[in-house]
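**Q** Once you've had a glance at the structure underneath, I'll fire off some questions.
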């Protein structure tokens, strides 16, 4: 396994390390002895999430307000779903920030780890699924109409790249943020799996509403 943050290596001075700090972790043993040790608080995945997802939320919300408030377009079911999805993505940014900010210590650790894991699975599920289906179609293992996911033209691949940029890349950042938080807090993978499952359920629910 490659250690991105070795203590005695030139990599210790990389930009990734400059976006990290040493956090002091305190805990008591069973006999009441207070133990303190330091773990690296990795911040860059959260900053990346805030930049990518935050910008997306700002753009989508601005377009929504311009269309439905300024232009007076009808606010139908789809419009409400879009607004709700934007609010959910904003909440994922808040959860991510809570994982590295002092005020986040007031939240239960399972909420933060579950939220990070759910955000990761919800945003990675569709890009991964579409990529797999495209590769299966490309290999001739599946017959599919030449539209939508079956579009093998440059436009179809560009659309897939856009999906990965908007959802897949932030999803990868959420995976790293969840991993860092779990390791730093010494938490069980139970909340990772539960959060991931809830993320998939939320994604499917939104898809059914749109459909």
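Residue numbers (my numbering): 78 to 288.
Virtual Cβ for every residue (Gly too), placed ideally from N, Cα, C.
(1) Which of helix, strand or coil does DSSP assign to residue 151?
(2) Between the segment 185–192 and the segment 251–259, can you find at least three pairs of beta-carbon atoms closer than 8 Å?
(3) Give a yes or no on whether the C-beta atoms belonging to residue 273 and residue 195 are separated by under 9 Å.
(4) Can you tell me which of the three DSSP states residue 118 falls into?
(5) Measure the CB-CB distance between residue 126 and residue 254 and report whether it falls below 9 Å.
(6) Enumerate in chain order the residues of its own chain whose CB-to-CB distance from residue 252 is below 6 Å, with the five nearest sequence positions on each side excluded.
(7) Smallest Cα separation from residue 179: which of 118, 137, 247?
(8) Can you have a look at residue 276 and say buried or exposed, based on whether 16 or more other CB atoms are within 10 angstroms of its CB?
(9) Along the chain, which unbroken stretches of the alpha helix (DSSP H) at least 4 residues long are found entirely within the segment 176–234?
(10) With H, G and I counted as helix, E and B as strand and the rest as coil, what does DSSP make of residue 236?
(11) Can you tell me whether residue 285 is helix, strand or coil according to DSSP?
(12) Alpha carbon to alpha carbon, how far is residue 270 from residue 244? Give it in angstroms, no decimals.
(13) Find the nearest neighbour of residue 159 within the set 225, 174, 145, 170, judged by alpha-carbon distance.
(14) What would DSSP say about residue 263, mapped onto helix, strand or coil?
(15) With distances taken from CA atoms, which of 203, 234, 241 is nearest residue 281?
(16) If we count Cβ pairs, one from each stretch, closer than 8 Å, do we get three or more for the segment 134–150 versus the segment 207–222?
(17) Is it buried or exposed, residue 232, if we count other Cβ atoms within 10 angstroms and call 16 or more buried?
(18) Going by beta carbon distance, what residues of the same chain come within less than 7 Å of residue 85, once the five residues before and after it are set aside?
(19) Below 7 Å CB to CB, which residues in the same chain sit around residue 176 once its five sequence neighbours on both sides are set aside?
(20) State buried or exposed for residue 174, treating a residue as buried only when at least 16 other CB atoms are found within 10 Å of its CB.
(21) Drop a sphere of 10 angstroms on the beta-carbon of residue 287, count the other beta-carbons inside from all chains shown, and report buried for 16 or more, exposed for fewer.
**A** With the given structure in hand:
(1) coil
(2) yes
(3) yes
(4) strand
(5) yes
(6) 197
(7) 118
(8) buried
(9) 186–215
(10) helix
(11) helix
(12) 20 Å
(13) 145
(14) coil
(15) 203
(16) no
(17) exposed
(18) For residue 85, the predicted model reports a pLDDT of 38, less than 50, meaning its position is unreliable and no value from the coordinates is stated.
(19) 123, 189, 193, 254, 258
(20) buried
(21) exposed
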